[in-house]
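K.L.:
Dropping a structure here in structure tokens format, bear with me for questions.
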Amino acid sequence: MPTYEYRCQDCGYEFEEFQPISDPPILVCPSCNGRTKRLISGGAGLLFKGSGFYITDHRTSSYKADAAKDNGGISSPSSGSKTDKSNSGTSKTAASKPGRS
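The opening position of the sequence shown corresponds to residue 41 in the numbering used here, with each subsequent residue numbered one higher.
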């Protein structure tokens, strides 16, 4: 059953009603007993909750091993691992200019 949005033309009160498609529109405002109008709604979005909805949820172990080889043994960035930065303590400007010691 869809959820319909209504607005009172007299007081401006907006409300939603969960009703079958076959039901007639609500014509009386529950707030002031004024005239209501059914609004055109964007509808609800489609929500995927839980596991099994994404292509990566059902990867085989051989696929995961091959993907790790292709990445040089580094897991994906989303796994929380950080890449090794071997020159993190040195300055690029001092190390890259020849003749300075």
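Glycine included, C-beta positions come from ideal geometry on N, C-alpha and C.
#1: Could you give the distance in angstroms between the alpha-carbon of Cys48 and the alpha-carbon of Met41?
#2: Please report the straight-line C-alpha distance between Ser102 and Asp110, rounded to a whole angstrom.
#3: Based on the DSSP output, what are the partners of Phe153 in its beta bridges?
#4: Quick one: Cα of Phe55 to Cα of Arg78, how far?
#5: Which residue from Phe88, Ile61, Ala107 and Gly52 puts its Cα closest to that of Ser71?
#6: Suppose the cutoff is 7 Å on Cβ atoms and the five residues either side in sequence are ignored; what does the same chain contact list for Ile66 look like?
#7: Using only alpha-carbon positions, find the residue among Ile80, Tyr44, Gly82 and Asp50 that is nearest to Pro64.
#8: Can you tell me which of the three DSSP states Pro77 falls into?
#9: Asp106 lies in the alpha helix (DSSP H); which residues open and close that run?
#10: Excluding the 5 residues flanking Gln59 on each side, which residues of the same chain have their C-beta closer than 7 Å to its C-beta?
P.N.:
Taking the definition as stated:
#1: Looking at the backbone, the Cα of Cys48 and that of Met41 are separated by about 22 Å.
#2: Cα to Cα, the separation comes out at about 12 Å.
#3: What is shown of the chain runs 41 to 141, which leaves residue 153 out entirely.
#4: Rounded to the nearest whole angstrom, the CA to CA distance from Phe55 to Arg78 is 10 Å.
#5: Ser71 has its Cα closest to that of Gly52, out of Phe88, Ile61, Ala107 and Gly52.
#6: Closer than 7 Å at Cβ, skipping near neighbours: Tyr46, Glu57 and Thr76.
#7: Taking the Cα of Pro64 as reference, the smallest distance to any Cα among Ile80, Tyr44, Gly82 and Asp50 is reached at Tyr44.
#8: For clarity, residue 77 is Lys in the given sequence; the question names Pro instead. DSSP places Lys77 in strand when its eight states are reduced to three.
#9: Going by DSSP, Asp106 is part of the alpha helix (DSSP H) stretching over Ser101 to Asp110.
#10: Listed in chain order, the non-local C-beta contacts of Gln59 below 7 Å within the same chain comprise Met41 and Tyr44, local neighbours out to five positions each way being set aside.
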